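Peer 1:
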Amino acid sequence: MAIRGELRRTGFFGELKAARYLKKQGYKILERNFRCKFGEVDIIAQKGEVVAFIEVKTRSSDLFGMPNEAVGRDRRQRYVNCARFYFYGRQIDCTVRFDIIEVLVGKINHIENAFTA
Amino acid sequence: MLAKVTSFALVGLDGIPVEVEADINRGMTSYELVGLPDAAVKESKERIYSAIHNSRMRFPVNRITVNLAPADIKKEGSHYDLPIALAILKAGEQIGGADFGGLVMMGELALDGSIRPVSGILPALISAKKRGFTKFIIPAKNANEAAYIEGVEVYALNTLSEAVALVTGERRFSPVETKSFTAVLKSSSYGTDMALVKGQQIAKRALEIAVAGWHNILLSGPPGAGKTMLARCIPTIMPDLTFEEALEVTQIHSVAGDLSEEGIISLRPFRTPHHTATTVSLCGGGNSKIKPGEISKAHKGVLFLDELPEYSRSALEALRQPLEDKQITVSRAGGAVTFPADFMLCASMNPCPCGNYGSTFKECTCTPAQIKKYRAKISGPLLDRIDLQVEVDGVKYEELASEEGGESSAEIKKRVEKARAIQRERFGSPMTNASMGEREIKKYCQLSPDCERILKSAFERLSLSARARSRIIKVARTIADLDYSAEIKPQHILEATSYRNFDVKEQ
Numbered sequence: 059m060a061i062r063g064e065l066r067r068t069g070f071f072g073e074l075k076a077a078r079y080l081k082k083q084g085y086k087i088l089e090r091n092f093r094c095k096f097g098e099v100d101i102i103a104q105k106g107e108v109v110a111f112i113e114v115k116t117r118s119s120d121l122f123g124m125p126n127e128a129v130g131r132d133r134r135q136r137y138v139n140c141a142r143f144y145f146y147g148r149q150i151d152c153t154v155r156f157d158i159i160e161v162l163v164g165k166i167n168h169i170e171n172a173f174t175a
Numbered sequence: 054m055l056a057k058v059t060s061f062a063l064v065g066l067d068g069i070p071v072e073v074e075a076d077i078n079r080g081m082t083s084y085e086l087v088g089l090p091d092a093a094v095k096e097s098k099e100r101i102y103s104a105i106h107n108s109r110m111r112f113p114v115n116r117i118t119v120n121l122a123p124a125d126i127k128k129e130g131s132h133y134d135l136p137i138a139l140a141i142l143k144a145g146e147q148i149g150g151a152d153f154g155g156l157v158m159m160g161e162l163a164l165d166g167s168i169r170p171v172s173g174i175l176p177a178l179i180s181a182k183k184r185g186f187t188k189f190i191i192p193a194k195n196a197n198e199a200a201y202i203e204g205v206e207v208y209a210l211n212t213l214s215e216a217v218a219l220v221t222g223e224r225r226f227s228p229v230e231t232k233s234f235t236a237v238l239k240s241s242s243y244g245t246d247m248a249l250v251k252g253q254q255i256a257k258r259a260l261e262i263a264v265a266g267w268h269n270i271l272l273s274g275p276p277g278a279g280k281t282m283l284a285r286c287i288p289t290i291m292p293d294l295t296f297e298e299a300l301e302v303t304q305i306h307s308v309a310g311d312l313s314e315e316g317i318i319s320l321r322p323f324r325t326p327h328h329t330a331t332t333v334s335l336c337g338g339g340n341s342k343i344k345p346g347e348i349s350k351a352h353k354g355v356l357f358l359d360e361l362p363e364y365s366r367s368a369l370e371a372l373r374q375p376l377e378d379k380q381i382t383v384s385r386a387g388g389a390v391t392f393p394a395d396f397m398l399c400a401s402m403n404p405c406p407c408g409n410y411g412s413t414f415k416e417c418t419c420t421p422a423q424i425k426k427y428r429a430k431i432s433g434p435l436l437d438r439i440d441l442q443v444e445v446d447g448v449k450y451e452e453l454a455s456e457e458g459g460e461s462s463a464e465i466k467k468r469v470e471k472a473r474a475i476q477r478e479r480f481g482s483p484m485t486n487a488s489m490g491e492r493e494i495k496k497y498c499q500l501s502p503d504c505e506r507i508l509k510s511a512f513e514r515l516s517l518s519a520r521a522r523s524r525i526i527k528v529a530r531t532i533a534d535l536d537y538s539a540e541i542k543p544q545h546i547l548e549a550t551s552y553r554n555f556d557v558k559e560q
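Just so you know, the protein sequences line up as chains E and B, in that order. The numbering of the first sequence is my numbering, which starts it at 59 and goes up by one. The numbering of the second sequence is my numbering, which starts it at 54 and goes up by one.
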């Protein structure tokens, strides 16, 4: 279980870094680790009329490919479903965007509109 | 916001305006393309996305819906890229001041934002002009196709950024300059001449008659006699294409997508499909986008079928109806399309399997049964539609070696043009003798009792069909025209009958 703890620490570190980065970019963090029956969304952030659902992928090396490559079709569908669930019952006039933030060895790469519904 | 751009869809040679609507709303980011797009149109999204980004603009992040109206006709081809891209940019309020009023756009986008050439520009322009559109944006590489149409304002552009600059009024572009048609005619470029064909006086005469009256012709003779060479000379003795004819021919080739840089076809087509050609390749067809076949590509020119009996039976029989109607209607589940197919059929064949039947130089080694079987490959109805059937025998060595050239193509062409002028005057239209109906035959081909007697005996002796009779009269009319004779004389009828020798041989 030691490895598992190590991984969780890496992921948590990445999400923290991503959230800090988003705030610096003028985003308002609406939710962290939003959970619903469809799954979990790492960060929901708002900037102006855009609400972004952000998947944070952290890697400590690019030995196994770039972090964003690890966001597959199922993961994307999960985000879309979560977004639908999130807005259900809320009247918000906004654009919904799906982003990926890569954190690779501490470096941040924000991919806006990484995938679409 | 909603933006609308006009483009054109082609059904055969007929253009139908297509309204490209783009609407951008808030909501979950998505891109929907509706309005019966085919695969090439659906794939446009990726090209448009890259092209917009590489033109230093932004692809809007929002809920995008693109509709191609009317929604009930299939949208095919890649030329919707440009109108869709501009509609998206306008709907995304990036080019807010853009004015698309009365503007028709066509063009495929490359990933780097440049505009690629597309097929079918000319027919689209012509039908758009008929519907009252006068302003166009087309790919720069298609500029030559548009250069011959007067009264329209065509902008041939290289990149998406140029198109944006044009619609926003940021930059001024000068429209494509209209060219006059005669500037591109070059009749010497066929690369062959009647003077190069030694001997074969009868065949040459028959070809002259065939071209003068737009009759179909069959050359039959032993291998190596010069049938193919003679056939290749046919375009050299044909009158030059008129501008209207050239436009018609060019439209067909534009749809087929085989136009050269020149932009307009100014030489008579000479099509030689191989004898393995299928019915569809000859007549036209295709699964979703119906394309013209060889007979349409030979429109206003020559369709040369070398070694006629080798073609598949079904391919040949399919020619029967277009030979009569001068057009072909290709129907598929997706709809029916009519292409013009006013071609002159020239066929060549050997008289028998060994090729030497009837030759004065070599002995035929075939059995009568073999010959009969070989000839049976060509059906009576098709043969019936070929007005002139000529035997081309080998040539003596003295004739081949002689320095004396025959008449040049230019001289024959002059006579042909005169005969055509007589026909134009007679019919008051560019009609030819071969396309006369029964009514015209009655009106213009009065036969004297002498002629009637000759024709009657030929009719009975050769057991000709009613169609063959009227075809002989038509050929006689052409021969009389070449003779500058107002009425058909007995010698004309006799000559015309002599060109049906294939029927005779079969007796």
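Each residue gets a CB set at the ideal place from its N, CA and C atoms; glycine is no exception. Model, not experiment: these values are computed from the prediction.
Could you say which of B:511, B:544, B:465, B:514 lies nearest to residue 263 of chain B if we only look at CA atoms?
Peer 2: In the second sequence, the residue the question calls residue 263 of chain B occupies position 210. Out of B:511, B:544, B:465, B:514, B:465 has the C-alpha closest to the C-alpha of residue 263 of chain B.
Peer 1: Can you give me the Cβ contacts of residue 96 of chain E inside the same chain, cut-off strictly under 7 Å, excluding the 5 residues immediately before and after it?
Peer 2: Position 38 of the first sequence, counted from the start, is the residue given in the question as residue 96 of chain E. The answer, listed in chain order, is 136, 139, 140, 143.
Peer 1: From the DSSP output, in three-state form, read off residue 63 of chain E for me.
Peer 2: On the first sequence, position 5 is the one that residue 63 of chain E refers to. Helix.
Peer 1: By Cβ distance below 8 Å, which residues in the same chain neighbour residue 282 of chain B in space, the five residues on each side in sequence not counted?
Peer 2: Taking the second sequence and counting its residues from 1, the one referred to as residue 282 of chain B is at position 229. Answer for residue 282 of chain B: 245, 249, 250, listed in chain order.
Peer 1: Note the first and the last residue of the continuous beta strand (DSSP E) segment covering residue 168 of chain E.
Peer 2: The residue given as residue 168 of chain E occupies position 110 in the first sequence. Per DSSP, residue 168 of chain E belongs to the beta strand (DSSP E) from 165 to 173.
Peer 1: Can you find the residues in the same chain that come closer than 7 Å, C-beta to C-beta, to residue 307 of chain B, ignoring five residues on each side of it along the sequence?
Peer 2: To locate residue 307 of chain B, count along the second sequence from 1; it is residue 254. So the list reads 172, 173, 174, 175, 176, 198, once near-sequence residues are dropped.
Peer 1: Less than 8 Å between CB atoms is the rule here; does residue 60 of chain E satisfy it with respect to chain B?
Peer 2: Indexing the first sequence from 1 puts residue 60 of chain E at position 2. A caution first: residue 60 of chain E carries a pLDDT of 48, below 50, which makes its placement in the model unreliable, though a value can still be read off. Closer than 8 Å: no.
Peer 1: Mapping the DSSP letters down to three states, classify residue 110 of chain E as helix, strand or coil.
Peer 2: Residue mapping note: residue 110 of chain E aligns to position 52 of the first sequence, counting from 1. The answer is strand: DSSP assigns residue 110 of chain E an E or B state.
Peer 1: How is residue 224 of chain B classed by DSSP in three states: helix, strand or coil?
Peer 2: The sequence position of residue 224 of chain B within the second sequence is 171, counting from 1. If DSSP states are grouped into helix, strand and coil, residue 224 of chain B belongs with coil.
Peer 1: How would you label residue 483 of chain B, buried or exposed, when you count the other beta carbons within 10 angstroms and need 16 or more for buried?
Peer 2: Position 430 of the second sequence holds residue 483 of chain B. With fewer than 16 other Cβ atoms within 10 Å, it is exposed.
Peer 1: Identify the contact partners of residue 141 of chain E in chain B, using a Cβ-Cβ distance below 7 Å as the criterion.
Peer 2: Indexing the first sequence from 1 puts residue 141 of chain E at position 83. The answer, in chain order, is 81.
Peer 1: According to DSSP, is residue 504 of chain B part of a helix, a strand, or is it coil?
Peer 2: Sequence index remark: in the second sequence, residue 504 of chain B carries index 451 (1-based). Reduced to three states, the DSSP call for residue 504 of chain B is helix.
Peer 1: At which residue ranges does the stretch 467 to 499 of chain B contain complete alpha helix (DSSP H) runs of 4 or more residues, listed in the order of the chain?
Peer 2: Those alpha helix (DSSP H) runs which fall completely within the stretch 467 to 499 of chain B and span 4+ residues are 491 to 497.
Peer 1: Report the rounded CA-to-CA distance for residue 104 of chain E versus residue 87 of chain E, giving the unit in angstroms.
Peer 2: Here residue 104 of chain E refers to the residue found at position 46 when the first sequence is read from its first residue. Here residue 87 of chain E refers to the residue found at position 29 when the first sequence is read from its first residue. Whole-angstrom Cα-Cα distance: 6 Å.
Peer 1: Check each candidate in B:231, B:215, B:194, B:218 and name the one with the smallest Cα separation from residue 206 of chain B.
Peer 2: As a first step, residue 206 of chain B must be located in the second sequence, where it is residue number 153. Residue B:231 is the option with its Cα nearest to residue 206 of chain B.
Peer 1: Using the beta-carbon count (16 or more within 10 Å), is residue 129 of chain E buried or exposed?
Peer 2: By one-based count along the first sequence, residue 129 of chain E stands at place 71. Per the 10 Å Cβ criterion, buried.
Peer 1: Return the CA-CA distance between residue 388 of chain B and residue 336 of chain B, expressed in angstroms with no decimal places.
Peer 2: As a working note, residue 388 of chain B is residue 335 in the second sequence. As a working note, residue 336 of chain B is residue 283 in the second sequence. Residue 388 of chain B and residue 336 of chain B: Cα-Cα distance of roughly 16 Å.
Peer 1: With a threshold of 16 other CB atoms inside 10 Å of the CB of residue 386 of chain B, please say whether the residue is buried or exposed.
Peer 2: For the purposes of this step, residue 386 of chain B is taken as the residue at position 333 of the second sequence. Exposed, by the Cβ-count rule.
Peer 1: Answer yes or no: does any C-beta atom of chain B fall closer than 8 Å to that of residue 154 of chain E?
Peer 2: By 1-based counting over the first sequence, the position of residue 154 of chain E is 96. True, the Cβ-Cβ gap to chain B drops below 8 Å.
Peer 1: Select from the stretch 93 to 125 of chain E all residues with a C-beta closer than 9 Å to any C-beta belonging to chain B, and list them in chain order.
Peer 2: Against chain B - using a Cβ distance shorter than 9 Å - the residues of the stretch 93 to 125 of chain E are 107, 108.
Peer 1: Assuming residue 408 of chain B and residue 276 of chain B are in contact, meaning their beta carbons sit under 8 Å apart, how far apart are those beta carbons, in whole angstroms?
Peer 2: Counting from one through the second sequence, the residue named residue 408 of chain B turns up at place 355. Counting from one through the second sequence, the residue named residue 276 of chain B turns up at place 223. That belief holds up - the Cβ atoms of residue 408 of chain B and residue 276 of chain B are roughly 5 Å apart, short of 8 Å.
Peer 1: Could you have a look at residue 70 of chain B and say whether DSSP puts it in helix, strand or coil?
Peer 2: Against the second sequence, residue 70 of chain B aligns to sequence position 17. In this structure, residue 70 of chain B counts as strand in the three-state DSSP scheme.
Peer 1: Would residue 151 of chain E count as contacting chain B if we go by Cβ distances under 8 Å?
Peer 2: Position 93 of the first sequence, counting from 1, holds the residue named residue 151 of chain E. Yes, residue 151 of chain E lies at the interface with chain B (some Cβ there is under 8 Å from its Cβ).
Peer 1: Which term fits residue 150 of chain E, buried or exposed, when burial requires 16 or more other beta carbons within 10 angstroms of its beta carbon?
Peer 2: Numbered from 1 along the first sequence, position 92 holds the residue referred to as residue 150 of chain E. Its Cβ having fewer than 16 others within 10 Å, residue 150 of chain E is exposed.
Peer 1: With 16 other CB atoms within 10 Å as the buried threshold, where does residue 420 of chain B fall?
Peer 2: Indexing the second sequence from 1 puts residue 420 of chain B at position 367. It is exposed - the Cβ of residue 420 of chain B has fewer than 16 other Cβ atoms within 10 Å.
Peer 1: Looking at chain B, is there any beta carbon in it that lies within less than 8 Å of the beta carbon of residue 68 of chain E?
Peer 2: If you number the first sequence from 1, residue 68 of chain E lands on position 10. Not one chain B Cβ lies under 8 Å of residue 68 of chain E.
Peer 1: With distances taken from CA atoms, which of B:515, B:318, B:511 is nearest residue 295 of chain B?
Peer 2: For the purposes of this step, residue 295 of chain B is taken as the residue at position 242 of the second sequence. Residue B:318 is the option with its Cα nearest to residue 295 of chain B.
Peer 1: Find out if the Cβ-Cβ distance for the pair residue 498 of chain B, residue 541 of chain B is shorter than 8 Å.
Peer 2: As a working mapping, residue 498 of chain B is identified with position 445 in the second sequence. As a working mapping, residue 541 of chain B is identified with position 488 in the second sequence. The answer is yes: Cβ separation under 8 Å.
Peer 1: With a threshold of 8 Å between beta carbons, is residue 201 of chain B in contact with chain E?
Peer 2: Taking the second sequence and counting its residues from 1, one reaches residue 201 of chain B at position 148. Taking Cβ atoms only, chain E never reaches closer than 8 Å to residue 201 of chain B, which makes this a no.
Peer 1: Short of 7 Å in beta carbon distance, which residues of its chain neighbour residue 452 of chain B, apart from the five on each side in sequence? Order them along the chain.
Peer 2: Taking the second sequence and counting its residues from 1, one reaches residue 452 of chain B at position 399. So the qualifying residues of the chain are 251, 252.
Peer 1: Quick one: is residue 64 of chain B near chain E, going by C-beta distance under 8 Å?
Peer 2: Taking the second sequence and counting its residues from 1, one reaches residue 64 of chain B at position 11. No, residue 64 of chain B does not count as interfacial toward chain E.
Peer 1: Using a Cβ-Cβ cutoff of less than 8 Å, which residues in the same chain neighbour residue 257 of chain B once the five nearest sequence positions on both sides are dropped?
Peer 2: The count along the second sequence starts at 1 and reaches residue 257 of chain B at position 204. Within the same chain, residue 257 of chain B has close Cβ partners 247, 250, 283, 459, 460, 465.
Peer 1: Can you pull the chain B residues whose beta carbon is under 9 Å from the beta carbon of residue 171 of chain E, in chain order?
Peer 2: Locating residue 171 of chain E in the first sequence gives position 113, where the first residue counts as 1. In chain order: 82, 112, 114.
Peer 1: Could you say which of B:547, B:536, B:532 lies nearest to residue 267 of chain B if we only look at CA atoms?
Peer 2: Sequence index remark: in the second sequence, residue 267 of chain B carries index 214 (1-based). Minimum Cα distance to residue 267 of chain B is reached at B:532.
Peer 1: I'd like to know whether the C-beta of residue 76 of chain E is nearer than 8 Å to at least one C-beta of chain B.
Peer 2: Counting from one through the first sequence, the residue named residue 76 of chain E turns up at place 18. Chain B, which has no Cβ nearer than 8 Å to the Cβ of residue 76 of chain E, makes this no.
Peer 1: Under a Cβ-count criterion, where at least 16 other Cβ atoms within 10 Å of its own Cβ denotes burial, should residue 410 of chain B be classed as buried or exposed?
Peer 2: As a position in the second sequence, residue 410 of chain B is number 357, starting the count at 1. Per the 10 Å Cβ criterion, buried.
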